[in-house]
Amino acid sequence: MRVLLVEDDPILGQGLKVGLGQAGYTVDWLEDGASADAALQDETFDLVVLDLGLPRMPGLDVLNHLRRRGDEVPVLILTARDAVGDRVAGLDAGADDYLVKPFDLDELTARLRALQRRHAGRPDPLLEHGEIVLDPAARRVTLRGEPVNLSQSEFSLLQVLLENAGRVLPRTRLEETLYGWDGEAESNSLEVFIHHLRKKLGADLIRTVRGVGYVIERPTS
Amino acid sequence: MRSIRQRLLITLLSIIALVGIVTLARSYLDARHEVQELFDAQLAQSARVLQSLVFHEIAEGDLGPESEDDLERPRRRQLRKRLEREESRLDEHHGHGYELKVAFQVWRADGQLLMHSMSTPEQPLAPEVFDRTNYRGGFADATIDGDHWRVFSLWDADHRFLIQVGERHDVRDELTTKISRRLVTPSVISLPILGLLIWFGIGGGLAPLRKVAAEVTRRAPTYLEPVDVGPVPREVRPLVDNLNDLFARLASAFDRERRFTADAAHELRTPLSALKTQAQVALRASDDAERRAALEQLLAGVDRASHLIDQLLTLARLEPGAHPIQRQSLQLRPILVDVLSQLGGKAVAKDLNLELTGEADPTVAGEPVSLSMLVRNLVDNAIRYTPSGGMVTVAIDEDAKSGVVELTVTDTGPGIEPALRERVFDPFYRGLGSGTPGCGLGLAIVRQIAELHDARVELDDNPAGSGLRVRVIFPRPATK
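Residue numbers (our numbering), protein chains in the order written: chain P, 444 to 664; chain V, 7 to 486.
Right under this line is the structure:
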């Protein structure tokens, strides 16, 4: 899961980057509104965590631009302003959720999971595919009821493929999901992770679309 | 302190009572005098009536000492009868209560009593009239057998006979008493009624004041609307106006305070979230290096939160009117040297060239602690915002003619665009680029301190190129 974090406070931004990383997210952190606006135009993110009081461009403007472009990426506003008017303005500008500082990291990640779920249009917090069940909150995968031991990258890869089941995800998208801008991706690491997933969960789970990327087919049931 | 109502009532009633007493006393004396005059006149008149009745007879009947035996003459008898009738009429109070109670005597010049009314003593009513040297008639007062008499004496034309008509004082005294009683009674009765009317009258007069008081009672720090009680009397108007003025100033002060507190609370949220997030990150860290990094961030966050709180407290203390500063005459240069030596390390660490230029050592009227805080905030800002390798210059100048002292801090940082040069003084405004930790209170504090010193703060461009120049302009120190 690739998250764009826009927060101008250096210590909070750094903490969120690490904290969300611990929760399995790949975090790209920007400290001003204008850079965030530019990044959102050029790249794909699964989630956006947006502060409102930003230098160079207010968070609400970033949000407005985003929605005007028709981008539906889930946005969670993170701000110190807690007046009802501020919340209403934020939600009306197209935010999907609103969290007031100071917040709990657990609550933030829970809300991010809920946003992903809603965005994917599935009510069940568990991602199921045949005999495979992925629990995003617990970061656990079971196969036929038996826990499967996955690395963090393998888990993220599986989650994004399951969430986009039936859609072919390009290599670049998957690599960004894994590394963000910090990516020191070796050229074949993606293949290595896919190989591990196939070994642990079954060879026919992930199919390769040559020259494009990978896909998990939508279960027929 | 008694109420205005009580005080007015007591004062007014006292004045009324005093004036009443004086008026009554005066009226009583007047009345007594007039009664005396009236009764005297009647006494005199009675004497003249008697004279016309008696002397004529006496003269005609040659009523002399030699004709004493003629007393039984019919004319004399007739006269006596008439006199007795007259006397009994006087005695028996047939007519009016205030008719004269008269006694009379008719004397011959040699002191022989010729005639007298029945209730009359036989000694002269006013013996001094017989004194040859003092021949005059007229009024006299006498005491006979313990009774007080008013006597009128009347001689006939050639001083042969004397008529004395007397009247006891009781009657006049009674009349005077009655008159005064009638004067006093209404006043005594009217005094409490007057008091009651005054009481209600004052109450009505004070009603606007009570209304204002009731309105003021409703005011609280949360409710400082102007008092509006409609038209008020001229005397109360200044009170209401001044109160409303005070309320307006209080309301704006409270408003400023509230806004500042709300802003401060908001500003504290971000550092607090940073602390919490870093603490949670440290708890979750899977290895020591990660935990250590988070804890270091946590410490930095605590330092930053402390700095914010320090700045907030500083600003609160500098609130105009909170604590008037004690200004003294002091040299600016030592303060600059002190602050620059403290911040020098920071500048060196950032590879900045920090310098103090100029030779001037002007004196300003100021308070050393807050002035040093002003300099520290300016230089600290300059160091924060100037990129490595840049230059921060501090200068003081004194205009020899005008005596104006100018403190200048110039940096080679990003500068502040003209449109934002007013806003950056607002508390918590942080419009400058990210990545430079600051709480947004520095310039607010600078301006506050400057205002306490009657100084001006101006922002413009570094004349030597890019960057910001801050000028603090102190007016000429007040002549000692």
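For glycine and all other residues, C-beta sits at the position ideal for the given N, C-alpha and C.
To the nearest angstrom, how far is it from the Cα of M7 of chain V to the Cα of R13 of chain V? Counting from one through the second sequence, the residue named residue 7 of chain V turns up at place 1. Counting from one through the second sequence, the residue named residue 13 of chain V turns up at place 7. Straight-line Cα distance between these residues: approximately 9 angstroms.
With 7 angstroms as the limit, tell me which residues of the region 254–266 of chain V have their beta carbon closer than that to any beta carbon of chain P; keep them in chain order. Cβ contacts with chain P come from no residue of the region 254–266 of chain V.
Mind pulling the alpha helix (DSSP H) runs of 4 or more residues that sit fully within the region 266–340 of chain V? Qualifying alpha helix (DSSP H) stretches, in chain order: 294–323.
With 16 as the cutoff for other CB atoms within 10 Å, does E450 of chain P come out buried or exposed? Translated into positions along the first sequence, residue 450 of chain P becomes position 7. By the neighbour-count rule (16 or more Cβ atoms within 10 Å), E450 of chain P is buried.
Checking contacts by CB at 8 angstroms: is D578 of chain P closer than that to chain V? The residue you call residue 578 of chain P lines up with position 135 of the first sequence. Judged by the 8 angstroms Cβ criterion, D578 of chain P is not in contact with chain V.
Between the alpha carbons of L519 of chain V and Q42 of chain V, how many angstroms are there, rounded? Since the displayed chain V opens at 7 and closes at 486, residue 519 of chain V lies outside it and no answer follows.
Kindly list, in the order they appear in chain P, the residues whose Cβ is closer than 9 angstroms to that of L474 of chain V. In the second sequence, the residue the question calls residue 474 of chain V occupies position 468. What L474 of chain V touches in chain P: nothing, since even the nearest Cβ is about 16 angstroms away.
Looking at the structure shown, is I389 of chain V part of a helix, part of a strand, or coil, going by DSSP? Residue numbering aside, residue 389 of chain V sits at position 383 when the second sequence is read from its first letter. Here I389 of chain V sits in helix by DSSP.
Output the distance between the C-alpha atoms of V490 of chain V and F434 of chain V, rounded to the nearest integer angstrom. For chain V, the structure presents residues 7 to 486; residue 490 of chain V sits outside this window and is missing.
Residue-level contact to chain P via CB, V287 of chain V, 8 angstroms cutoff: For the purposes of this step, residue 287 of chain V is identified with residue 281 of the second sequence, where counting begins at 1. Yes - at least one Cβ of chain P is within 8 angstroms of the one on V287 of chain V.
Check whether chain P comes within 8 angstroms of R390 of chain V, counting only Cβ atoms and requiring the distance to be less than that. What you label residue 390 of chain V is simply residue 384 of the second sequence in a count that begins at 1. So, not an interface residue.
From the DSSP secondary-structure annotation, give me the bridge partner or partners of A3 of chain V. Residue coverage of chain V in this structure runs from 7 to 486, which leaves residue 3 of chain V outside it and unanswerable.
If you reduce the DSSP assignment to three classes, tell me which class Y34 of chain V lands in. Here residue 34 of chain V is taken as the residue at index 28 of the second sequence, counted from 1. Three-state result, Y34 of chain V: helix.
Which whole-angstrom value is the C-beta distance of L509 of chain P and W472 of chain P, which I expect to be below 8 angstroms? In the first sequence, the residue the question calls residue 509 of chain P occupies position 66. In the first sequence, the residue the question calls residue 472 of chain P occupies position 29. With 8 angstroms as the limit, L509 of chain P and W472 of chain P do not qualify as a contact, their Cβ atoms being about 17 angstroms apart.
Against chain V, which members of the region 511–527 of chain P pass a CB distance test of less than 7 angstroms? Against chain V - using a Cβ distance shorter than 7 angstroms - the residues of the region 511–527 of chain P are A523, R524.
Based on the DSSP secondary-structure assignment, which residues constitute the bridge partners of W472 of chain P? In the first sequence, counting from the first residue as 1, residue 472 of chain P sits at position 29. DSSP lists P:L448 as partners of W472 of chain P.
Under 7 angstroms from the C-beta of Q303 of chain V: neighbouring residues of chain P: Against the second sequence, residue 303 of chain V aligns to sequence position 297. The answer, in chain order, is I454, Q457, G458.
Run through DSSP, which three-state label would P590 of chain P get? Residue numbering aside, residue 590 of chain P sits at position 147 when the first sequence is read from its first letter. The answer is strand: DSSP assigns P590 of chain P an E or B state.
Close Cβ partners of A406 of chain V (< 6 angstroms) along its chain, the five nearest in sequence each way excluded: If you number the second sequence from 1, residue 406 of chain V lands on position 400. Within the same chain, A406 of chain V has no close Cβ partners at all.
Flag G307 of chain V as yes if its beta-carbon sits less than 8 angstroms from any beta-carbon of chain P, otherwise no. Within the second sequence, residue 307 of chain V is the residue found at index 301, counting from 1. Residue contact with chain P for G307 of chain V: present (Cβ-Cβ distance below 8 angstroms to some residue of chain P).
Along the region 529–552 of chain P, what residues have a CB closer than 8 angstroms to any CB found in chain V? Residues V543, K544, P545, F546, D547, L548, D549.
Check the Cβ-Cβ distances between G462 of chain P and every residue of chain V, and say whether any is below 8 angstroms. Taking the first residue of the first sequence as 1, we reach residue 462 of chain P at position 19. Judged by the 8 angstroms Cβ criterion, G462 of chain P is in contact with chain V.
For the beta strand (DSSP E) containing S159 of chain V, list its first residue and its last residue. Along the second sequence, one-based indexing puts residue 159 of chain V at 153. 153–161 is the span of the beta strand (DSSP E), which, as asked, contains S159 of chain V.
Under 6 angstroms Cβ to Cβ from D539 of chain P, same chain only, skipping five residues before and after it: list those, please. Looking up residue 539 of chain P in the first sequence gives position 96. In the same chain as D539 of chain P, and ignoring 5 residues on each side of it, the C-beta atoms closer than 6 angstroms to its own belong to P517, V518, L558, in chain order.
Work out the CA separation of V233 of chain V and A481 of chain P for me, nearest whole Å. Your numbering for residue 481 of chain P matches position 38 in the first sequence. Your numbering for residue 233 of chain V matches position 227 in the second sequence. Distance from the CA of A481 of chain P to the CA of V233 of chain V, rounded to the nearest whole angstrom, comes to 55 angstroms.
A450 of chain V lies in the alpha helix (DSSP H); which residues open and close that run? Position 444 of the second sequence, counting from 1, holds the residue named residue 450 of chain V. Residues 448–458.
So A300 of chain V contacts chain P; which residues on that side make the cut at Cβ distance below 8 angstroms? Taking the second sequence and counting its residues from 1, one reaches residue 300 of chain V at position 294. Correct list: G458, V461.
Could one say the Cβ of T276 of chain V lies closer than 8 angstroms to chain P's Cβ atoms, at least one of them? Here residue 276 of chain V refers to the residue found at position 270 of the second sequence. Using a CB distance cut-off of 8 angstroms, T276 of chain V counts as an interface residue toward chain P.
Please report the Cβ distance between R453 of chain V and T414 of chain V, rounded to the nearest whole angstrom; I am assuming they are in contact, meaning their Cβ atoms lie under 8 angstroms. Position 447 of the second sequence, counted from the start, is the residue given in the question as residue 453 of chain V. Position 408 of the second sequence, counted from the start, is the residue given in the question as residue 414 of chain V. About 16 angstroms; that fails the 8 angstroms criterion.
Provide the residue span of the alpha helix (DSSP H) that contains A132 of chain V, from first to last. Taking the second sequence and counting its residues from 1, the one referred to as residue 132 of chain V is at position 126. Taken as a continuous stretch (DSSP letters only), A132 of chain V belongs to no alpha helix (DSSP H), as it is neither H nor E.
Can you name the residues that DSSP bridges to P420 of chain V? The sequence position of residue 420 of chain V within the second sequence is 414, counting from 1. Bridge partners of P420 of chain V: none, in fact.
Could you name the residues of the same chain whose beta carbon sits closer than 6 angstroms to that of E597 of chain P, not counting the 5 residues immediately before and after it, in chain order? Indexing the first sequence from 1 puts residue 597 of chain P at position 154. Around E597 of chain P: F636, H639, L640.
Quick one: Cα of L202 of chain V to Cα of L212 of chain V, how far? What you label residue 202 of chain V is simply residue 196 of the second sequence in a count that begins at 1. What you label residue 212 of chain V is simply residue 206 of the second sequence in a count that begins at 1. One alpha carbon belongs to L202 of chain V, the other to L212 of chain V, and they sit about 15 angstroms apart.
Can at least three beta-carbon pairs, one atom from the region 415–433 of chain V and one from the region 461–468 of chain V, be found at a separation below 8 angstroms? As far as the Cβ criterion goes, the region 415–433 of chain V touches the region 461–468 of chain V, which means the pair count is three or higher.
Using CA atoms only, rank isn't needed, just tell me which of V:P340, V:A311, V:E464, V:E373 is closest to R333 of chain V. Start at 1 with the first residue of the second sequence, and residue 333 of chain V comes out as number 327. The option with the nearest alpha carbon to R333 of chain V is V:E373.
Could you pull out every residue in the same chain whose Cβ sits closer than 8 angstroms to the Cβ of T349 of chain V, ignoring the five residues on either side in sequence? The residue you call residue 349 of chain V lines up with position 343 of the second sequence. Looking at the sequence itself, residue 349 of chain V is Leu, so the reference to Thr does not match. Counting only Cβ-Cβ distances below 8 angstroms, and skipping sequence neighbours, we find L360, R382, V385, D386, I389.
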